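> Before anything else, here's the structure in question.
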Amino acid sequence: MVKAILKDDSFREYEQGTKLIEIAKDISPRLAKAAVVARVNGELTDLRAGLHEDAQVEFLDFNTEGGQEVFRHSTAHVMAQAVQNLYPDTKLAIGPAIANGFYYDFDTKETFSSEDLEKIEAEMKKIVKENLPFERYEMSREEALSKFSAAGEDYKVELIKDLPEDATITCYQQGDFEDLCAGPHVLSTGLLKAVKLLNTAGAYWRGDEKNKMLQRIYGTSFTKKSLLDEHLHRLEEAKRRDHRKLGKELDLFSIHDEGPGFPFFHHKGMVLRNELEEFWREEHRRRGYQEIRTPVILNRELWERSGHWDHYQENMYFTNIDENDYAVKPMNCPGSMIVFRNRLYSYRDLPLRMAEIGLVHRHELSGVLHGLMRVRCFNQDDAHIFMLPDQIRDEIIGVIDLVDYFYKVFGFEYHVELSTKPSKAMGSDEIWETATNALREALQARGLEYRINEGDGAFYGPKIDFHLKDCLDRTWQCGTIQLDFQMPEKFDLEYVGEDGQKHRPVMIHRVVFGSIERFIGILIEHFAGAFPTWLAPVQVKVLPIADRHHSYARALTDKLFDLGVRVEIDDRSEKVNYKIREAQSQKIPYMLVVGDKEAANGSVAVRHRSQGDLGPQPIEQFTEGLLEEIKQRQIR
RNA sequence: GCCGGCGUAGCUCAGUGGUAGAGCAACGCACUCGUAAUGCGUAGGCCAGGGGUUCAAGUCCCCUCGCCGGCUCCA
448 MVKAILKDDS FREYEQGTKL IEIAKDISPR LAKAAVVARV NGELTDLRAG
498 LHEDAQVEFL DFNTEGGQEV FRHSTAHVMA QAVQNLYPDT KLAIGPAIAN
548 GFYYDFDTKE TFSSEDLEKI EAEMKKIVKE NLPFERYEMS REEALSKFSA
598 AGEDYKVELI KDLPEDATIT CYQQGDFEDL CAGPHVLSTG LLKAVKLLNT
648 AGAYWRGDEK NKMLQRIYGT SFTKKSLLDE HLHRLEEAKR RDHRKLGKEL
698 DLFSIHDEGP GFPFFHHKGM VLRNELEEFW REEHRRRGYQ EIRTPVILNR
748 ELWERSGHWD HYQENMYFTN IDENDYAVKP MNCPGSMIVF RNRLYSYRDL
798 PLRMAEIGLV HRHELSGVLH GLMRVRCFNQ DDAHIFMLPD QIRDEIIGVI
848 DLVDYFYKVF GFEYHVELST KPSKAMGSDE IWETATNALR EALQARGLEY
898 RINEGDGAFY GPKIDFHLKD CLDRTWQCGT IQLDFQMPEK FDLEYVGEDG
948 QKHRPVMIHR VVFGSIERFI GILIEHFAGA FPTWLAPVQV KVLPIADRHH
998 SYARALTDKL FDLGVRVEID DRSEKVNYKI REAQSQKIPY MLVVGDKEAA
1048 NGSVAVRHRS QGDLGPQPIE QFTEGLLEEI KQRQIR
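Numbering (our numbering), first residue to last: 448 to 1083.
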């Protein structure tokens, strides 16, 4: 007999080898019905597998992360089967579950059109209807190699060859389709009731652009059609929040063929942007930063010295002045180096926090441009902190606090990554080790959870990245903290220490918004264009009901204007309903309807864009509340 | 840059080889109105750009540019 120890620490005994699905049924038929996969001693395991020793046993349904992943992964297998049924000469690459679904990469002469996706989906439905069991079996390395090379599955052969010598090689089979797979899988295809193939895309084998480009099909699946419909509906809703769409509708910015990747900011976008910068300056002043501004174009020698000429050239733009080579800055740091070196600092001056909102240009591949999220010129809210080695930890913690404070003001949730030494890097392994550890310690001291992003550091140092999500849950790097021992060396930076000797300072590069453009993109999608009042391009719209109310409405508008409120009046000969509709669709926080009653007693009828009609208020009461809301930067 | 899709009025989109359309927006006139669209009228297009096929091209083919979804890359 073996013990199955359940989540509540109780246990049940079964004969050795009892299938997990039987155990689930024994506990509760409902549990067995909902279960997608089991977790045995922390390992995801097929429900069909037997329990052979005492173990912690847990059953995961579709509502768990692991359950969903297994469910989607099984759907990917069914898709691969459907594709091979319809297009027999297709070779299979890989097909994992991803955040909201799954994909599978195929090598085939066919180019899949949307009609093909429908055909494949129909074929998948057939396979689901057949309710084929997913069966697992193990095989030796040789057996696996001969099986998959005989089948012409070159990519699988490559995968097998890369498995460690002693790895257990497993295959899963449903019907006559089998695939190399570590598993686990759901019991049978019949569970995969609601499937939708979403789109196709090219993807390099193993993500390397030197390799062949494969065809990837993305899809998603759910246990019930209603859940799938809900998900598809959410996707539609998300498209309405797209910053590119809202940027146009709200007249914030535009991007033109005349400058792909170079956004034009319109007046309303600039108002928003200036508010962000004002907030930024206020907070940086408070936290002991000074502000500088350095040129956009600097000569070749500088970029050679900084290492950008060697390590970053393919992303840079160049020009020639008086027969000398110059480059347009892709980063602000070399400019800051020059400012630091401009005079001699004492250890008493450190840490020196030197901020710059700097316009940088980077040559990005045309295919990656995306609204304001990825552009070819953007403003970084940069800062370079020069410090003594023993100030590193506190300074990093200070920046982490700053980023956290900023993101909370906007109500953003974020996740953190620690990126380590890339292949194209300057400096010794030891220095990288020290720098990476300093970042890690700061994260731990602050109790922040983080992921390791191997090899994704900047060429001059490791970094902590702060990622935010857009309307489709795609994540974008915004804030970053990079520790740099290289630049001070390259630029021969020095300060005079307590001992009267010259010493090398350590440096942090950091941004909070990251790119102001990208941050605005995130901001637009996060609020769906309904910005907090302090950021709203127009904060109040005054709506006179008829022409005879114009003078009262204008006096009111002037009064608000004098208080520093961004106010507009809609004095067109239109009905109030029409004016409200327009103000609503512009997502203006407050509409003040004024007619006979208001003009008579000096009041305003307040309408809030999301709370609706708030009724009449004396003007002073309204302005008082409004100014307070703006001052506090409230989200409402 | 690579794979696939797309490009028609300011915006959203119809238009399957035979005279370029609608709604909204703009402009004009009337209406003076109480919490999400008043009515009537006017104007607006080198159908992304270039080349080709055809008696005839928005429509079919080729090239270029741009956009969208991915890959790769990154703030």
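The beta carbon of each residue, even a glycine, is placed where N, CA and C say it ideally should be. The structure presented is a predicted model; accordingly, all values stated were derived computationally and were not measured.
Given that a residue counts as buried once 16 or more other Cβ atoms are within 10 Å of its Cβ, and exposed if not, what is residue 522?
Residue 522 should be labelled buried.
> Less than 7 angstroms between C-beta atoms, sequence neighbours within five positions excluded: which residues of the same chain meet that for residue 1050?
Excluding sequence neighbours, residue 1050 sits near 1063, 1064, 1065, 1066.
> The beta strand (DSSP E) spanning residue 1028 covers which residue range?
Segment 1023-1032 is the alpha helix (DSSP H) holding residue 1028; no beta strand (DSSP E) there.
> Smallest Cα separation from residue 497: which of 889, 779, 449, 527?
Measuring from the Cα of residue 497, the nearest candidate turns out to be 449.
> Quick one: Cα of residue 986 to Cα of residue 1025, how far?
Straight-line Cα distance between these residues: approximately 19 angstroms.
> For residue 598 and residue 534, I'd like the C-alpha separation in whole angstroms.
Taking the straight line joining both Cα atoms gives about 14 angstroms.
> Rounded to whole angstroms, what's the CA-CA distance from residue 921 to residue 915? Just pull it up for me.
Those two C-alpha atoms are separated by around 8 angstroms.
> Pick out the complete beta strand (DSSP E) segments inside the stretch 527-610, 3 residues or longer, and give them in chain order.
Runs found: 548-554, 582-586.
> Residue 908 bridges to which residues according to DSSP?
Paired residues: 905.
> Tell me whether residue 499 sits in a helix, a strand or coil according to DSSP, three-state version.
Coil, per DSSP.
> Going by CA-CA distance only, name the one from 846, 518, 879 that's closest to residue 641.
Selected option, being the one with the closest Cα: 518.
> Hey, would you say residue 870 sits closer than 8 angstroms to residue 902, going by beta carbons?
In contact: residue 870 and residue 902 (Cβ atoms closer than 8 angstroms).
> With DSSP as the reference, label residue 933 as helix, strand or coil.
Here residue 933 sits in helix by DSSP.
> Would you please state the rounded distance, in angstroms, between the beta carbons of residue 506 and residue 478? I believe it to be under 8 angstroms.
Right, their Cβ atoms sit about 6 angstroms apart.
> For residue 549, which of 639, 485, 595 has the nearest alpha-carbon?
Here the closest residue by C-alpha is 639.
> What does a CB cutoff of less than 8 angstroms around residue 980 pick up in its chain, not counting 5 residues either side in sequence?
Around residue 980: 986, 1036, 1037, 1073, 1076, 1077, 1081, 1083.
> Following the continuous beta strand (DSSP E) through residue 741, name the residue where it begins and the one where it ends.
Residue 741 -> no beta strand (DSSP E), and no H or E assigned at all.
> Mapping DSSP to helix, strand and coil, what is residue 762?
In this structure, residue 762 counts as helix in the three-state DSSP scheme.
> In the DSSP assignment, what residue or residues form a beta bridge with residue 768?
771.
> Touching or not, the stretch 952-968 and the stretch 828-840, by the rule of three or more beta carbon pairs under 8 angstroms?
Segments in contact, yes.
> Between which two residues does the beta strand (DSSP E) harbouring residue 991 extend?
Note, residue 991: beta strand (DSSP E), 987-991.
> Counting only the same chain and skipping the five closest in sequence on each side, list residues whose C-beta sits under 7 angstroms from that of residue 864.
Same-chain partners within the cutoff: 897, 898, 900, 912, 914.
> Among 810, 910, 457, 472, whose alpha-carbon lies nearest the alpha-carbon of residue 503?
Considering only alpha carbons, the answer is 457.
> Please name the residue, chosen from 664, 637, 605, 891, that lies closest to residue 562 on a Cα-to-Cα basis.
Residue 562 has its Cα closest to that of 664, out of 664, 637, 605, 891.
> Using 10 angstroms around the beta-carbon of residue 711, count the other beta-carbons present and answer buried if the total reaches 16, otherwise exposed.
Answer is exposed; the Cβ neighbour count stays below 16.
> Three-state secondary structure (DSSP) at residue 981?
Three-state result, residue 981: coil.
> Compute the Euclidean distance between the alpha carbons of residue 455 and residue 488, then round it to the nearest angstrom.
Approximately 14 angstroms, taken between the alpha carbons.
> Go through its chain and collect everything with a Cβ distance to residue 1023's Cβ below 7 angstroms, but skip five positions before and after it.
Cβ within range, chain order: 990, 992, 1040.
> Does the structure place the stretch 695-711 close enough to the stretch 812-822 that three or more beta carbon pairs sit under 8 angstroms?
The stretch 812-822 is in contact with the stretch 695-711.
> Thinking C-alpha only, which one of 757, 836, 758, 742 is nearest residue 804?
Ranking 757, 836, 758, 742 by Cα distance to residue 804 puts 742 first.
> Three or more beta-carbon pairs under 8 angstroms between the stretch 564-578 and the stretch 669-681, yes or no?
Segments in contact, no.
> Just to confirm, is the Cβ distance from residue 938 to residue 878 under 8 angstroms?
Cβ atoms of residue 938 and residue 878: not closer than 8 angstroms.
> Would you please state the rounded distance, in angstroms, between the beta carbons of residue 417 and residue 628? I believe it to be under 8 angstroms.
Because the chain is modelled from 448 through 1083, residue 417 falls outside the range shown and cannot be assessed.
> Quick check for students: name the residue ranges of the beta strand (DSSP E) that lie wholly in the stretch 795-878, counting only runs of 3 or more.
Listed in chain order, they are 799-808, 824-834, 862-866.
> So what does DSSP say about residue 709, is it helix, strand or coil?
If DSSP states are grouped into helix, strand and coil, residue 709 belongs with coil.
> Going by DSSP, what residue range makes up the beta strand (DSSP E) through residue 668?
Counting along the chain, the beta strand (DSSP E) containing residue 668 begins and ends at 660-669.
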